[in-house]
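Encoded as structure tokens, the structure appears first; notes follow it.
Number of protein chains: 2
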Amino acid sequence: MAKNQVSSSVIKRLPRYYRFLEELKNQNITRISSQELAELMGFTASQIRQDLNCFGGFGQQGYGYNVSQLYMEIAKILGIDKLQKTILIGAGNLGKAVASHIEFEKKGCQLIGIFDNNPELCGQIIAGLNVLDISQLEKFCHKHNPAVAVLCIPKSVGKDMSERLINLGIYAFWNFSHYDIKTSNHKNIIVENVHLADSLMILSYKINNKEQS
Amino acid sequence: MAKNQVSSSVIKRLPRYYRFLEELKNQNITRISSQELAELMGFTASQIRQDLNCFGGFGQQGYGYNVSQLYMEIAKILGIDKLQKTILIGAGNLGKAVASHIEFEKKGCQLIGIFDNNPELCGQIIAGLNVLDISQLEKFCHKHNPAVAVLCIPKSVGKDMSERLINLGIYAFWNFSHYDIKTSNHKNIIVENVHLADSLMILSYKINNKEQS
């Protein structure tokens, strides 16, 4: 498999394929042509064939794609068939929403700990986990060795917390904090930033340019 | 201005420009070269010049960009210098997080109402607004004519709720519900879907392919 040469725009489309294939699986649809998949997803059939060819194809002429096979292959490419031990920092509204709405185990992460510094939140149960006091972070990480941290903390504490976590062996961040983790200082650190408001600005753009589109 | 011809990938980068320019403004930096902006944002200088040329330039040879002017121009292009009346449906964890974390008024939207069907949530104050019972939706919309709805509701009620809102004059959705609003049935409806978990899958991909990158 020529993963190295796959462009980031193809990678960014994979979760969308995965979602649509899951939907098809749930509807007990076992196979689909690139044309049908294209209509469903709002892509062109040729783009779909091109995208999936990056990973070696999977389609068969005259048959189309086997839905569950393609679903599993995309899971493998995304690496979500394996689980990374994950902790979440910040159990406020945002942390609660993320912990309870996201199906972590279906996206390659196993949520094993939630931390906050607010005594009122510590002890609460979120997504089946007891919120722990942040003072227990070091002990917990030494014992369980999590790899991924979800940051649902204010920007102001982003720098200190990310450095503390990197020192504890965390090397991947799902970052909602709006603090820009500098990966240049830490070569092997992986960061995926979430800027929710960006998509609201895109909505504003679409509203203000709708007459022209 | 040749807005019509601007590609969607340029549009998608505008919020990122806007965020970085805001940061520069907050640091009282008044001008910046495309090279400096490129280093900050992780783009190339030539991409920045190309992107901004789509809207007529703004840079001056030998001077660079005037930070606050460019910031205001991008706000205008995004249309976030105007405010759309906005309501939010679903005041659970996710709705609370969105209402309290997003600076709606800085992103082109004025949040004027929050609704839920859970009696325990109705009457709570979120982002300065009283959560109203969903039964008051019709009366409220007839009186205030909101244009935008933020959907923080379960997928199962997405279809009914989006149709109810469209009938009340809502024509733009910021959709967290995972229900796929069919715009083919409603030509003038604008939808911006948020699939948070997509970015977690991209993080998984990066983790599993880090040796190769």
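The listed protein sequences derive, respectively, from chains A and B. With the working numbering applied, the first sequence covers 42 to 254. With the working numbering applied, the second sequence covers 42 to 254. Where a beta carbon is used, it is the ideal one built from N, C-alpha and C, also for glycine. It should be emphasised that the depicted structure is a prediction, and the values quoted were computed from it without experimental measurement.
Cβ-Cβ distances below 6 Å link residue 145 (chain A) to 152 in the same chain, with the five nearest sequence neighbours on each side left out; the list follows chain order. Between residue 165 (chain B) and residue 51 (chain A), the alpha-carbon positions lie close to 43 Å from each other.
Rounded to whole angstroms, the Cβ separation of residue 99 (chain B) and residue 80 (chain B) is 19 Å, and the two are not in contact under 8 Å. Just measuring C-alpha positions, the residue of A:246, A:58, A:178 sitting nearest residue 111 (chain A) is A:58. When DSSP states are grouped into helix, strand and coil, residue 239 (chain A) belongs to the helix group. If only complete runs of 4 or more residues are kept, the stretch 68 to 129 of chain B shows the alpha helix (DSSP H) at 75 to 82, 86 to 94, 108 to 119, in order along the chain. Residue 125 (chain A) counts as buried, since at least 16 other C-beta atoms from the protein chains shown sit within 10 angstroms of its C-beta. Counting only the Cα atoms, residue 136 (chain B) lies some 11 Å from residue 142 (chain A). Counting the other CB atoms within 10 Å of its CB gives residue 134 (chain A) a total of 16 or more, which places it among the buried residues.
Interface annotation, residue 106 (chain B): not in contact with chain A, CB-CB separation never under 9 Å. Taking a Cβ-Cβ threshold of 8 Å, the residues of chain A close to residue 249 (chain B) are 119, 120, 123, 149, in chain order. About 5 Å separates the beta carbon of residue 89 (chain A) from that of residue 75 (chain A), a gap short enough to meet the 8 Å contact definition. The beta-carbon of residue 94 (chain A) is placed no less than 9 Å from the nearest beta-carbon of chain B. No Cβ-Cβ contact shorter than 9 Å links residue 217 (chain B) with residue 241 (chain B). Note on residue 220 (chain A): 16 or more other CB atoms within 10 angstroms of its CB, so buried under the neighbour-count rule. The three-state reading of DSSP puts residue 193 (chain A) in coil, since its state is none of H, G, I, E or B. Just so you know, the alpha carbons of residue 47 (chain B) and residue 53 (chain A) end up roughly 21 Å apart.
Look at residue 172 (chain A): its C-beta is not under 9 Å from any C-beta on chain B. DSSP places residue 163 (chain A) in no beta strand (DSSP E); its state is neither H nor E.
Where residue 172 (chain A) is concerned, the enclosing beta strand (DSSP E) starts and stops at 170 to 174.
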